[in-house]
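Enquirer:
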Amino acid sequence: MGAGAMMNWMLMPYRRYAEFDGRSRRREYWSFMLFYWLVIIALDVVFGFNQIMRGPGSMMVASQVMGMASLPNAIFGLASLIPHLAVSVRRLHDQDRSGWLLLLSFIPILGWSALFVLMCLEGTRGPNRFGPDPKRPYDMDAFG
């Protein structure tokens, strides 16, 4: 897979901004998550490094770094909130599960672990109640 194809997968949730219906493949979900965390880390490095270079005093610098890096991260996080929720719901739909399972994220550690496992599982083969299989959008058995 080329860099252009990878970027396409990474940005697909932004193009499908508030689309909570349908299904999303693991590739779409995990590509988006990779993009999201790379941007968060890049913002921390750029804004944090800039702040560290301004002055001595480790405690003061540490608090300044967190303050400077948190504003761009907050803006990016808010811009990504709806696409993140939507791609997560579609990922659960791919397994023929309700999007309401995202509420597990409010249960520390156990809920997060359960959601991580669910996001790693393969989707149901063929169409389900949430739509056609995103890997095979057309029915292969129609001719057989």
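To convert, note that position 72 of the sequence shown is 53 in my numbering; the numbers rise steadily by one, no gaps. For every residue, glycine included, the Cβ atom is placed at its ideal position computed from N, Cα and C.
So, using beta-carbon positions, are M(-12) and V68 closer together than 9 Å?
Expert: Position 7 of the sequence shown, counting from 1, holds the residue named residue -12. Position 87 of the sequence shown, counting from 1, holds the residue named residue 68. Not in contact: M(-12) and V68 (Cβ atoms no closer than 9 Å).
Enquirer: In angstroms, rounded to a whole number, what distance separates the CA positions of F13 and R72?
Expert: Start at 1 with the first residue of the sequence shown, and residue 13 comes out as number 32. Start at 1 with the first residue of the sequence shown, and residue 72 comes out as number 91. The straight-line gap from Cα to Cα measures roughly 12 Å.
Enquirer: Between P53 and F28, how many whole angstroms is the CB-CB distance? I'm expecting something under 8 Å.
Expert: Working through the sequence shown from its first residue, we reach residue 53 at position 72. Working through the sequence shown from its first residue, we reach residue 28 at position 47. Confirmed, Cβ separation roughly 6 Å.
Enquirer: Taking C-alpha atoms, which residue in L96, S5, A55 lies nearest to V20?
Expert: Walking along the sequence shown from the start, residue 20 turns up at place 39. That would be A55, whose Cα lies nearest to the Cα of V20.
Enquirer: Sort N109, R110, L83, T105 by Cα distance to F97 and report the nearest one.
Expert: Locating residue 97 in the sequence shown gives position 116, counting from the first residue. Ranking the options by Cα distance to F97, first place goes to L83.
Enquirer: Between which two residues does the alpha helix (DSSP H) containing R(-4) stretch?
Expert: Translated into the one-based positions of the sequence shown, residue -4 becomes position 15. Run containing R(-4): -16 to -4, per the alpha helix (DSSP H) assignment.
Enquirer: Using DSSP bridges, identify the partner residues of N109.
Expert: As a working note, residue 109 is residue 128 in the sequence shown. According to DSSP, which records beta bridges pairwise, N109 is partnered with G112.
Enquirer: To the nearest angstrom, report how far apart R(-4) and P89 are at their CA atoms.
Expert: Here residue -4 is taken as the residue at index 15 of the sequence shown, counted from 1. Here residue 89 is taken as the residue at index 108 of the sequence shown, counted from 1. Cα to Cα, the separation comes out at about 30 Å.
Enquirer: Have a look at L24 and A60 and give me their C-alpha separation to the nearest angstrom.
Expert: In the sequence shown, counting from the first residue as 1, residue 24 sits at position 43. In the sequence shown, counting from the first residue as 1, residue 60 sits at position 79. Rounded to whole angstroms, L24 to A60 spans 14 Å at the Cα level.
Enquirer: Looking at R110 and R117, is the spacing between their C-beta atoms short of 9 Å?
Expert: By one-based count along the sequence shown, residue 117 stands at place 136. By one-based count along the sequence shown, residue 110 stands at place 129. No, Cβ-Cβ distance for R117 and R110 is not below 9 Å.
Enquirer: For G104, which residues from the same chain have a beta carbon less than 6 Å from its beta carbon, with the 5 sequence-adjacent residues on both sides left out?
Expert: Indexing the sequence shown from 1 puts residue 104 at position 123. The answer, listed in chain order, is D75, Q76.
Enquirer: Give the straight-line distance between the Cα atoms of F1 and P64, rounded to the nearest whole angstrom.
Expert: As a position in the sequence shown, residue 1 is number 20, starting the count at 1. As a position in the sequence shown, residue 64 is number 83, starting the count at 1. The alpha-carbon atoms of F1 and P64 are separated by roughly 9 Å.
Enquirer: Assign D2 to one of three DSSP states: helix, strand, or coil.
Expert: As a first step, residue 2 is located in the sequence shown; it is residue number 21 there, counting from the start. Three-state result, D2: coil.
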